[in-house]
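*Asks:* Dumping the structure here so I can ask a few things about it.
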Ligand SMILES: [Fe+2]
Ligand SMILES: [Fe+2]
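This is the structure we're talking about:
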């Protein structure tokens, strides 16, 4: 039986209270004091550009799972702490958009254009980065509303999450299977190796030493809050 408007209003009020009362401070993105739980492999400096970018997609995929879980909560009209979604959107903004996508835009896309290869794909990927930034701003804003006239806002939030998921899954899959494999063929082996080191240095500058692992830890903490961290829960019974 569908919920009555008053039940729905109650859910929305609960959600707004959770958003208002339980907001946690923004994640520290470059806190060198925070020890990562995972250890950086010794030869991480030798990571190739493709491996670097693809493991960053792994972080994005874990955030997509967090977005999936919020869509499920919204559809079930369950209350949730909006600060988890705000923190997830902040990681998307700082780590995916301002770092990972910036690497693609500064180091990969111009080289493909110069080589005259996969130019249409690059155009689409760039347009999707721009669309993603708009969606992230919307998700963050809606997730952090302290008081919600929230019936329409909940629908808007669900729409933004759905659009983000729908775009980014094919986006990153196309980069992993087409763009990154082709990248090796348009730069010299020396340049390819050097870029891997450059990417790592930039990551450490922005997010502290062993920055990648710190971001992974931050995402894991959000998963724990949502009770989706235990990998075995996804194994079919
Ligand atoms: Fe991209
Ligand atoms: Fe990417």
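Numbering (this note's numbering), first residue to last: 78 to 314.
Every residue gets a Cβ at the ideal spot worked out from N, C-alpha and C, and that includes glycine.
Remember, predicted model here, so these are calculated numbers, not experimental data.
1) Which residue from 208, 150, 168, 230 puts its Cα closest to that of residue 283?
2) Please determine if the stretch 205-213 and the stretch 168-187 are in contact, where contact requires at least 3 C-beta pairs separated by less than 8 Å.
3) Is residue 177 helix, strand or coil by DSSP?
4) By alpha-carbon positions, which one of 260, 190, 193, 163 ends up nearest to residue 219?
5) Ignore the nearest five residues each way along the sequence and tell me which others in residue 127's own chain have a CB closer than 6 Å to its CB.
6) Roughly how many angstroms lie between the CA atoms of residue 312 and residue 156, to the nearest whole one?
7) What does the alpha-carbon distance come out to for the pair residue 300 and residue 143?
8) Do residue 189 and residue 195 have their C-beta atoms closer together than 7 Å?
9) Identify the continuous alpha helix (DSSP H) that holds residue 291 and give its terminal residues.
10) If you draw a straight line from the C-alpha of residue 296 to the C-alpha of residue 149, how long is it?
11) Mind checking residue 287: buried by the 16 CB within 10 Å criterion, or exposed?
12) Using the Cβ count rule (16 or more neighbours within 10 Å means buried), how would you classify residue 254?
13) Taking the alpha carbon of residue 70 as the reference point, which residue from 228, 264, 265, 141 has its own alpha carbon closest?
14) So, helix, strand or coil for residue 209, using DSSP?
15) Shortest alpha-carbon distance to residue 246 belongs to which of 130, 263, 134, 124?
16) In three-state terms, what does DSSP make of residue 264?
17) Ignore the nearest five residues each way along the sequence and tell me which others in residue 233's own chain have a CB closer than 8 Å to its CB.
18) Have a look at residue 204 and residue 262 and give me their C-alpha separation to the nearest angstrom.
19) In whole angstroms, what separates the C-alpha of residue 199 from that of residue 251?
20) Give the secondary structure of residue 158 by DSSP, where H, G and I count as helix, E and B as strand, and everything else as coil.
21) Could you tell me whether any non-hydrogen atom of ligand 2 is closer than 6 Å to the CB of residue 252?
22) Between which two residues does the alpha helix (DSSP H) holding residue 147 run?
*Replies:* By the coordinates alone:
1) In terms of Cα proximity to residue 283, the closest of 208, 150, 168, 230 is 168.
2) As far as the Cβ criterion goes, the stretch 205-213 touches the stretch 168-187, which means the pair count is three or higher.
3) In the three-state DSSP reduction, residue 177 falls in the helix class (H, G or I).
4) Nearest option by C-alpha distance: 163.
5) Only 257 meet the Cβ criterion.
6) Inter-residue distance for residue 312 and residue 156 is about 26 Å (C-alpha atoms, whole angstroms).
7) Rounded to the nearest angstrom, the gap between the Cα atoms of residue 300 and residue 143 is 7 Å.
8) With contacts defined by Cβ atoms closer than 7 Å, residue 189 and residue 195 form a contacting pair.
9) Start and end: 288-303.
10) Near 19 Å, if we compare the C-alpha coordinates of residue 149 and residue 296.
11) Residue burial is scored here from C-beta neighbours: residue 287 has at least 16 other C-beta atoms within 10 angstroms and is therefore classed as buried.
12) Residue environment for residue 254: exposed (fewer than 16 other C-beta atoms within 10 angstroms of its C-beta).
13) Past the edges of the chain, shown from 78 to 314, lies residue 70, and the structure says nothing about it.
14) Residue state, collapsed to three classes: helix.
15) Looking at the Cα atoms, 134 is the closest of the given residues.
16) Residue state, collapsed to three classes: coil.
17) Cβ neighbours of residue 233 within its own chain (closer than 8 Å, five residues either side excluded): 215, 219.
18) Going by C-alpha positions, residue 204 is about 24 Å away from residue 262.
19) Using only the alpha carbons, I get a separation of about 10 Å.
20) In this structure, residue 158 counts as coil in the three-state DSSP scheme.
21) Inclusion of residue 252 in the 6 Å shell around ligand 2 follows from its C-beta lying nearer than that to a non-hydrogen atom of the ligand.
22) That run of the alpha helix (DSSP H) goes 126-152.
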